[in-house]
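This report refers to the structure that appears directly beneath it.
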């Protein structure tokens, strides 16, 4: 089975910072990768799919890149509402797999 | 707007069964794949199963294969997850999700979730 490794598992950042989260797949998954945001006590929200396509209504400060085995979520100019946990998910083949999550906390 | 409303969660003893339902509205239901994803208390997300837009294809996570059965009724805009032989490790919030496409890709809309607790 394909495994996803997210890094870091947590990070501290300040409002306005540029934040980068990485997701590595154990095998190539083309561009079949999504990123989700989950605020505490809330439902997950789709940010990016097909590795780089912005979800509906998602602010342009979020961007995704990569293909094959290495993917990146970038938040350009962290906002107070961005403090949350972020998950990657691969949907190349079955089962679909989520990464372990990256918790973004306030510095 | 797209709405997904789960129901059917509750407390159940090990080895018992439970059926979750998800009522969809605000989109052409029969055009999209539908997922179930779960989240154990204070844990990460775990994909459970997906059903294609027409119900012909169903895929399951290994730990629920043979115990959970996914179905949909496109005439009622409903998707169902029949959960049999429940185990303590199935305890989680179960989310219903709408795919961006017809079968299995990203989950672009999530319901509020329904809590399933398996305990004696």
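Residue numbers (this note's numbering), protein chains in the order written: chain B, 25 to 131; chain U, 500 to 619. Using N, Cα and C, we set each Cβ at its ideal position, and we do this for glycine too.
Local conformation of residue i per DSSP, three classes
{"i": "residue 528 of chain U", "result": "helix"}
{"i": "residue 587 of chain U", "result": "helix"}
{"i": "residue 105 of chain B", "result": "helix"}
{"i": "residue 501 of chain U", "result": "coil"}
{"i": "residue 553 of chain U", "result": "coil"}
{"i": "residue 562 of chain U", "result": "helix"}
{"i": "residue 512 of chain U", "result": "coil"}
{"i": "residue 86 of chain B", "result": "strand"}
{"i": "residue 26 of chain B", "result": "coil"}
{"i": "residue 123 of chain B", "result": "coil"}
{"i": "residue 80 of chain B", "result": "coil"}
{"i": "residue 494 of chain U", "result": "Because chain U spans 500 through 619 in this model, residue 494 of chain U falls outside it and cannot be assessed."}
{"i": "residue 548 of chain U", "result": "strand"}
{"i": "residue 114 of chain B", "result": "strand"}
{"i": "residue 522 of chain U", "result": "strand"}
Segment limits, beta strand (DSSP E) that includes residue i
{"i": "residue 572 of chain U", "result": "567-572"}
{"i": "residue 604 of chain U", "result": "It is not in any beta strand (DSSP E) - residue 604 of chain U carries neither H nor E in the DSSP assignment."}
{"i": "residue 94 of chain B", "result": "94-100"}
{"i": "residue 37 of chain B", "result": "34-37"}
{"i": "residue 617 of chain U", "result": "613-617"}
{"i": "residue 536 of chain U", "result": "533-538"}
{"i": "residue 163 of chain B", "result": "Since the first residue of chain B shown is 25 and the last is 131, residue 163 of chain B is not available in this structure."}
{"i": "residue 579 of chain U", "result": "577-582"}
Rounded separation between residue i and residue j - CA only
{"i": "residue 39 of chain B", "j": "residue 560 of chain U", "result": "38 Å"}
{"i": "residue 582 of chain U", "j": "residue 558 of chain U", "result": "14 Å"}
{"i": "residue 56 of chain B", "j": "residue 49 of chain B", "result": "11 Å"}
{"i": "residue 548 of chain U", "j": "residue 569 of chain U", "result": "7 Å"}
{"i": "residue 131 of chain B", "j": "residue 563 of chain U", "result": "40 Å"}
{"i": "residue 30 of chain B", "j": "residue 90 of chain B", "result": "14 Å"}
{"i": "residue 584 of chain U", "j": "residue 28 of chain B", "result": "29 Å"}
{"i": "residue 543 of chain U", "j": "residue 556 of chain U", "result": "26 Å"}
{"i": "residue 520 of chain U", "j": "residue 580 of chain U", "result": "6 Å"}
{"i": "residue 72 of chain B", "j": "residue 32 of chain B", "result": "19 Å"}
{"i": "residue 567 of chain U", "j": "residue 550 of chain U", "result": "12 Å"}
{"i": "residue 602 of chain U", "j": "residue 618 of chain U", "result": "34 Å"}
{"i": "residue 546 of chain U", "j": "residue 36 of chain B", "result": "28 Å"}
{"i": "residue 16 of chain B", "j": "residue 127 of chain B", "result": "Because chain B is modelled from 25 through 131, residue 16 of chain B falls outside the range shown and cannot be assessed."}
{"i": "residue 554 of chain U", "j": "residue 122 of chain B", "result": "24 Å"}
{"i": "residue 129 of chain B", "j": "residue 34 of chain B", "result": "7 Å"}
{"i": "residue 502 of chain U", "j": "residue 611 of chain U", "result": "9 Å"}
{"i": "residue 96 of chain B", "j": "residue 47 of chain B", "result": "6 Å"}
{"i": "residue 526 of chain U", "j": "residue 74 of chain B", "result": "21 Å"}
{"i": "residue 110 of chain B", "j": "residue 616 of chain U", "result": "25 Å"}
{"i": "residue 524 of chain U", "j": "residue 66 of chain B", "result": "20 Å"}
{"i": "residue 81 of chain B", "j": "residue 52 of chain B", "result": "29 Å"}
Mind listing, in chain order, the continuous beta strand (DSSP E) runs of no fewer than 3 residues lying wholly within the segment 39-73 of chain B?
42-49, 57-62 and 69-73
Is the segment 79-87 of chain B touching the segment 505-513 of chain U, taking contact as three or more C-beta pairs under 8 Å?
no
So does the segment 521-541 of chain U actually touch the segment 591-605 of chain U, counting three or more Cβ pairs closer than 8 Å?
Because the criterion of three Cβ pairs below 8 Å is met, the segment 521-541 of chain U and the segment 591-605 of chain U touch.
Check whether the segment 30-46 of chain B touches the segment 101-114 of chain B, counting contact only when three or more Cβ pairs, one atom from each stretch, lie closer than 8 Å.
yes
Does the segment 515-532 of chain U touch the segment 602-611 of chain U, meaning 3 or more C-beta pairs lie closer than 8 Å?
yes
Contact between the segment 573-589 of chain U and the segment 111-124 of chain B is defined here as three or more beta-carbon pairs at a separation below 8 Å; is this criterion met?
no
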